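**Student:** Under numbering that gives the first Met the number 0, the first residue of the sequence shown is numbered 0, with each subsequent residue one higher. Note that CB positions come from ideal geometry on N, CA and C, so glycine has one too. Treat the numbers as computed from the prediction; the structure is a model and nothing was measured. Here it is, the structure, as structure tokens.
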Amino acid sequence: MDFYSKFVKRREILNSLLCVGIDPDITKLPPSLANTPDKLYVFSKEIVDATAEYAVAYKPNIAFFEAFGSKGIEQFEKLISHIKTNHPEIPIVADAKRGDLDNTARQYAKFFFKELGVDSLTLSPYMGSDTIKPFIEDDSKMVFLLCLTSNPDSSELQKKTFSETGRTLYREVAALSEKFPAKNVGLVVGATHPKELLEIRKAHPDRIFLIPGYGAQGASLEEVISVCGKNSLINSSRSIIFSSSGPDFAEAAGKAAASVSEQMRKLLV
Numbered sequence: 000m001d002f003y004s005k006f007v008k009r010r011e012i013l014n015s016l017l018c019v020g021i022d023p024d025i026t027k028l029p030p031s032l033a034n035t036p037d038k039l040y041v042f043s044k045e046i047v048d049a050t051a052e053y054a055v056a057y058k059p060n061i062a063f064f065e066a067f068g069s070k071g072i073e074q075f076e077k078l079i080s081h082i083k084t085n086h087p088e089i090p091i092v093a094d095a096k097r098g099d100l101d102n103t104a105r106q107y108a109k110f111f112f113k114e115l116g117v118d119s120l121t122l123s124p125y126m127g128s129d130t131i132k133p134f135i136e137d138d139s140k141m142v143f144l145l146c147l148t149s150n151p152d153s154s155e156l157q158k159k160t161f162s163e164t165g166r167t168l169y170r171e172v173a174a175l176s177e178k179f180p181a182k183n184v185g186l187v188v189g190a191t192h193p194k195e196l197l198e199i200r201k202a203h204p205d206r207i208f209l210i211p212g213y214g215a216q217g218a219s220l221e222e223v224i225s226v227c228g229k230n231s232l233i234n235s236s237r238s239i240i241f242s243s244s245g246p247d248f249a250e251a252a253g254k255a256a257a258s259v260s261e262q263m264r265k266l267l268v
């Protein structure tokens, strides 16, 4: 099943937009895992199993694994395999923010889509269409282009205006996405920009949005859902996965995910 079909089916079953971000920051892992081999994998696996009932998608961030070299990558691969084997109905968005020339992009696509078998990937569109095309040669896959990110300094570049069109860079990126099928190319739009989020949604109603910045970064769920529409994944990472630093970390994450999912159900009525 392709990413789009898995997303829509999961969204409709749960009546939710919750994407659980898996960011196993080594400095925040529970002390109970201190002497655990493959602690990044063990922590992430437990979080996944505890939240699977409520997750429309998972977004594991490869940076937290790459920091530990080949041993970290091995744990990332184990995590992806675990999700695919035990929760195959839940789409996986690998948060890797890749973006490179055509021949290099093709190698990234091979690793994430062929070797790992994830459903989707975050991309930087800075190099234009050349860096996007290799990732969607398999039309069952999805990429999310960094459009308007949630970090405070995003405006340094993303809100600059092009003199030729009068549009901001983030609007140019959103326009670029329209060169490709909506089932294959979506947009990353931060929850910390609700006004711009509504603007982009009105201009691109068919695009799937991946929305970071809810929860620990302070954006209101009510505000986000009121402007993003149902064709969205709202990501929550730290506020779910680090709900507890004790041995009950997985149980606490499950409860946090259940609470967010319930809020979403009420707001999506």
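In whole angstroms, what separates the C-alpha of Ser162 from that of Glu222?
**Tutor:** Answer to the nearest angstrom: the Cα atoms are 32 Å apart.
**Student:** Apart from the five residues on each side of it in sequence, which residues of its chain come closer than 6 Å, Cβ to Cβ, to Phe134?
**Tutor:** Hits under 6 Å: Ala108, Val142.
**Student:** Can the beta-carbon of Lys83 be found less than 8 Å from the beta-carbon of Gly116?
**Tutor:** Yes; because the gap between Cβ atoms is below 8 Å, this pair is in contact.
**Student:** On the criterion of 16 or more Cβ atoms from any shown chain inside 10 Å, does Ser260 qualify as buried, or is it exposed?
**Tutor:** Ser260 comes out buried.
**Student:** Starting from the C-beta of Asp22, find all residues in its chain whose C-beta is less than 6 Å away, skip the five residues before and the five after it, and write them out in chain order.
**Tutor:** Closer than 6 Å at the Cβ level, and outside the excluded window around Asp22, lie Asn60, Phe63, Ser236.
**Student:** Is Asn234 near Pro211, with beta carbons less than 8 Å apart?
**Tutor:** Contact flag set, yes.
**Student:** So Asp99 and Met126 are in contact, right, with Cβ under 8 Å, and what is the actual spacing, rounded?
**Tutor:** Correct: roughly 7 Å between the Cβ atoms.
**Student:** One question on the structure: do Leu147 and Val92 come within less than 8 Å of each other, judged by their Cβ atoms?
**Tutor:** The answer is no: Cβ separation not under 8 Å.
**Student:** Can you check the region 71-132 for any alpha helix (DSSP H) of at least 4 residues that lies completely inside it and give the ranges in chain order?
**Tutor:** If we require 4 residues or more, the alpha helix (DSSP H) runs fully inside the region 71-132 come out as 101-108.
**Student:** For Ile131, count neighbouring Cβ atoms within 10 angstroms of its own Cβ and tell me buried if that reaches 16, exposed if not.
**Tutor:** Buried, by the Cβ-count rule.
**Student:** For Ile61, does the three-state DSSP call read helix, strand or coil?
**Tutor:** If DSSP states are grouped into helix, strand and coil, Ile61 belongs with coil.
**Student:** Across the region 174-188 and the region 198-210, are there enough close Cβ pairs to call them in contact, namely three or more that are closer than 8 Å?
**Tutor:** Touching, yes, given that three or more Cβ pairs across the two stretches are closer than 8 Å.
**Student:** Closest to Phe179 by C-alpha separation, out of Asp129, Gln157, Asp152, would be which residue?
**Tutor:** Answer by Cα proximity: Asp129.
**Student:** By the DSSP assignment, the beta strand (DSSP E) with Met141 in it spans what residues?
**Tutor:** Here the beta strand (DSSP E) through Met141 covers 141-147.
**Student:** Closest to Lys5 by C-alpha separation, out of Thr160, Ser225, Asp118, Ser153, would be which residue?
**Tutor:** Taking only the C-alpha atoms, the option nearest Lys5 is Asp118.
**Student:** From the DSSP output, in three-state form, read off Gly253 for me.
**Tutor:** It is helical.
**Student:** Looking at the secondary structure, which residues open and close the beta strand (DSSP E) in which Ser225 lies?
**Tutor:** Ser225 -> not in any beta strand (DSSP E); alpha helix (DSSP H) instead, spanning 220-227.
**Student:** Is it buried or exposed for Ile12, if we count other Cβ within 10 angstroms and need 16 for buried?
**Tutor:** Flag for Ile12 reads exposed.
**Student:** In the DSSP output, which residue or residues are listed as bridge partners for Ser231?
**Tutor:** Phe208.
**Student:** Pull up the DSSP beta-bridge partners for Tyr53, would you.
**Tutor:** Partner(s): none; Tyr53 has no beta bridge.
**Student:** What did DSSP end up calling Thr26 once you bin it into helix, strand or coil?
**Tutor:** It is helical.
**Student:** Closest to Ile72 by C-alpha separation, out of Thr191, Cys227, Pro151, Phe111, would be which residue?
**Tutor:** Comparing Cα-Cα distances from Ile72 to each of Thr191, Cys227, Pro151, Phe111, the minimum goes to Phe111.
**Student:** What does the alpha-carbon distance come out to for the pair Lys194 and Tyr169?
**Tutor:** Approximately 13 Å, taken between the alpha carbons.
**Student:** Sorted by chain position, which residues of the same chain lie with C-beta nearer than 8 Å to Lys159's C-beta, five sequence neighbours on each side aside?
**Tutor:** The residues are Thr167, Leu168.
**Student:** Helix, strand or coil for Phe16 per DSSP?
**Tutor:** Before going further, note that residue 16 is Leu rather than Phe in the sequence given. Looking at Leu16 - three-state DSSP - the assignment turns out to be coil, as it is neither helix nor strand.
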